[in-house]
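Visitor:
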Amino acid sequence: MEKNKFYITTPIYYVNDKPHIGHAYTTIVADVLARYNRFKLGSDKVWFLTGTDEHGAKVAQSAKAENKEPQIFVDEVSAEFKSAWGKLNISFDDFIRTTEDRHEKVVGEVLTKLKSAKTPKGNDFIFKDTYEGLYCVGCEAYKKEDDLVEGKCPDHNKEPQTLSEENWYIKLSDYADVLKKKIESDEIKILPADKKKEVLSFIEHGLEDIAVSRANVDWGIPVPFDKKQTIYVWVDALINYISALGFPSGENFKEFWPADTHLLAKDILKFHCIIWPVMLLAAEIEQPKELFVHGFFTLNGKKMSKTLGNVIDPNDLVEEYGADAARYLIISQFVFGQDGDVKVDEFPVKFNADLANGIGNLTSRVLSMAEKYCDSKVPNKKFDTNLDLKKTWQKIDKGFTDYKIFENLREVWDVISWCDGYIDKTKPWVLGKENKQTELDQVIYNLLEILRHLGWLLKPILPETSAEILMRLGEDELAYEEATKVGRIKPGTKVEKGEPLFIRK
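Per this note's numbering, the sequence shown starts with residue 23, numbered consecutively.
1) Could you tell me the alpha carbon to alpha carbon distance between Asp361 and Cys295, rounded to whole angstroms?
2) Compare the C-alpha of His475 against each of Leu462, Met493, Asn379 and Gln464 and name the closest.
3) Among all the DSSP beta bridges, which residues are the ones paired with Gly268?
4) If you run the structure through DSSP and keep just helix, strand and coil, what is Leu313?
5) At the level of alpha carbons, what is the spacing between Gly268 and Ala52?
6) I'd like to check one pair, Ile290 with Tyr395: are the Cβ atoms closer than 8 Å?
7) Along the alpha helix (DSSP H) that carries Tyr153, what are the first and last residues, could you check?
8) What is the residue span of the beta strand (DSSP E) that Gln183 lies within?
9) Can the beta-carbon of Ser265 be found closer than 8 Å to that of Val99?
10) Hey, Tyr35 and Asp75 are a contact pair by Cβ (cut 8 Å); roughly how many whole angstroms apart?
11) Run through DSSP, which three-state label would Val388 get?
12) According to DSSP, Thr72 sits in a beta bridge with which residue or residues?
13) If I'm right that Val434 touches Leu377 with Cβ under 8 Å, what's the distance once you round it to whole angstroms?
14) Can you tell me whether Glu172 is buried or exposed? The criterion is at least 16 other CB atoms within 10 Å of its CB, across all chains shown.
15) Can you tell me which of Phe373, Gly520, Thr448 and Phe70 puts its alpha carbon nearest to the alpha carbon of Leu462?
16) Does the beta-carbon of Phe149 have 16 or more other beta-carbons within 10 angstroms, so that it is buried, or is it exposed?
17) Let's see if you can read the secondary structure: which residues bound the beta strand (DSSP E) around Val324?
18) My guess is that Thr487 and Leu523 are in contact by the Cβ rule of under 8 Å, so how many angstroms apart are they, rounded?
19) Do Gly496 and Lys404 count as a contact pair if the criterion is CB distance below 8 Å?
20) Is the CB-CB distance between Leu321 and Ile307 below 8 Å?
21) Which residue marks the beginning of the beta strand (DSSP E) containing Lys249, and which one marks its end?
22) What does a CB cutoff of less than 6 Å around Met23 pick up in its chain, not counting 5 residues either side in sequence?
23) For Leu285, does the three-state DSSP call read helix, strand or coil?
24) In its own chain, which residues sit with a C-beta less than 6 Å from the C-beta of Trp478, not counting the 5 before and 5 after it?
25) If you run the structure through DSSP and keep just helix, strand and coil, what is Tyr35?
26) Could you name the residues of the same chain whose beta carbon sits closer than 7 Å to that of Pro244, not counting the 5 residues immediately before and after it, in chain order?
27) Strictly by DSSP, which residues pair up with Ala85?
28) Using DSSP bridges, identify the partner residues of Cys175.
29) With a threshold of 6 Å on Cβ separation, who are the neighbours of Lys111 within its own chain once the five nearest residues in sequence on each side are excluded?
30) Taking just the CA atoms, how far does Asn379 sit from Leu389?
31) With DSSP as the reference, identify every bridge partner of Arg349, one or two as the case may be.
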């Protein structure tokens, strides 16, 4: 079926701390996919949501540590996320905050709906019970003994506290069979395959009922049917994907739900791939089409942590390299979906090799030759090389559909390498000396047309660079079908050499 809309989400980021490179990684990938789909489908057919998750005990503790009221604290940190995404040219359509009235209203409505729901086994979906267990404040979640490493939470390296509370619960255990079948059949589609396998394995080990409220956490949304309790932060947060669209009757909800893609990191896999689908089943809301779970990364081979002092602020990267280069350096390190290592120490080398000496140098060479040999005009020729640009676009389209961000970057840089080889092979400077203008015109035309395609290919990845290349080639804003045609650059079009796109470090 032909796709006619695209709704993509990032997780909403927890505001107990400032934005870091890990948040930026997911958000840049989402932005690349959103920009590509806008290019292909039209901007009115795409909705890109990000935002901040602002309730819970951990946020209240962070606010207290800074001697601030929770609302003032979350206002400040949320603004920092929004500012960081602005500097990285993140083109979100909406930025949802869980402290907004529009969100809190929908959360209350969804909880009320779930309170009256029945499970596949005929039990109440939401029920009250007392539970005693090991609770990790860092994760805002209960832990089993076998989740711990030497008695500590592996993610936060702290011993969980024993907690006993009377709370509201959801009957997750009644959904093991139905959830397993839906995931196995891809009715609930989890990617990549190893993450799907991980979720199925978790289900097969048995699902336990989980709390959806807290009795002693004031900083949260009140449970609509029990004002003495607040809604568990993860339940509150997950609902953002529909609250931002105006569930249940908003125009955006009607147009864009179900989400085409929920992007998330593997540390929140259980919440998104088990709890969220079960909530949607109970509320009789359609499931998202795909959930793509990416891995973790280290920095120069080490886990990112405040203790090691290696947490990277994306603002610093933008300051050092510029927005486009920062985007590229963050997402070009390893295959999206896998664990990997971001070699920050090698950023200057990669910047020089791929950007300054890569697309930057090629752009300068081609436009300089057009100026020198063709009076800065597109020669009167037709495209004629063995480079199959149509096939390149087909690969790029499939790549973005399959979340192959890293592979698509390689595909684009292969075209850049092809051009460098073509210049070395055809030797335009020799053709110029020998006054072989006809052959020279053909070479320059081919290179200008390929550079035009590179301008469009880079549009989702390096938006500022793309716009600059296309402007220098006299290219107007075009629809996808026109922009991707081969041989479209018009003879006689004035081109402009301009300044270097990237200055070597």
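For every residue, glycine included, the Cβ atom is placed at its ideal position computed from N, Cα and C.
Guide: In this structure, then:
1) Distance between the alpha carbons of Asp361 and Cys295 is about 19 Å.
2) Ranking Leu462, Met493, Asn379 and Gln464 by Cα distance to His475 puts Met493 first.
3) For Gly268, which the question treats as bridged, DSSP gives no partner whatsoever.
4) Three-state result, Leu313: strand.
5) Roughly 21 Å separates the two Cα atoms.
6) Taking 8 Å as the cut-off, the beta carbon of Tyr395 is found no closer than this to the beta carbon of Ile290.
7) That residue, Tyr153, is in no alpha helix (DSSP H); its beta strand (DSSP E) goes Ile148 to Cys158.
8) Element bounds for Gln183: Gln183 to Ile192.
9) One thing to note: Ser265 has its Cβ no nearer than 8 Å to the Cβ of Val99.
10) About 6 Å separates the beta carbons of Tyr35 and Asp75, which is inside the 8 Å limit, making them a contact pair.
11) Helix at Val388.
12) By DSSP's assignment, Thr72 forms a beta bridge with Phe117.
13) Going by Cβ atoms, the distance from Val434 to Leu377 rounds to 12 Å, so no, they are not a contact pair.
14) Glu172 comes out exposed.
15) Nearest in C-alpha terms to Leu462, of all of Phe373, Gly520, Thr448 and Phe70, is Thr448.
16) Exposed, because fewer than 16 other Cβ atoms sit within 10 Å of the Cβ of Phe149.
17) Per the sequence shown, the amino acid found at residue 324 is Lys instead of Val. First-last for Lys324: undefined, no H or E at that position.
18) With a Cβ gap of about 6 Å, Thr487 and Leu523 count as contacting.
19) Taking a C-beta distance under 8 Å as the contact criterion, Lys404 and Gly496 do not qualify as a contact pair.
20) Between Leu321 and Ile307, the C-beta spacing is not below 8 Å.
21) Run containing Lys249: Asp248 to Ile253, per the beta strand (DSSP E) assignment.
22) Bear in mind that a pLDDT of 42 at Met23, under 50, signals an unreliable position, so the number given afterwards is only what the model happens to contain. Taking C-beta separations shorter than 6 Å and ignoring five residues to either side along the sequence, Met23 has no partners in its chain.
23) Strand at Leu285.
24) The answer, listed in chain order, is Ala505.
25) Tyr35 sits in a strand when the DSSP states are folded into three classes.
26) So the list reads Thr252, once near-sequence residues are dropped.
27) As far as DSSP is concerned, Ala85 takes part in no beta bridge.
28) DSSP, once it has assigned bridges, lists Lys180 as partnering Cys175.
29) The question names Lys, but residue 111 in the sequence shown is Asn. Contacts found: Ala345 and Pro485.
30) So the alpha carbons of these two residues sit roughly 15 Å apart.
31) In DSSP, Arg349 forms no bridge with anything.
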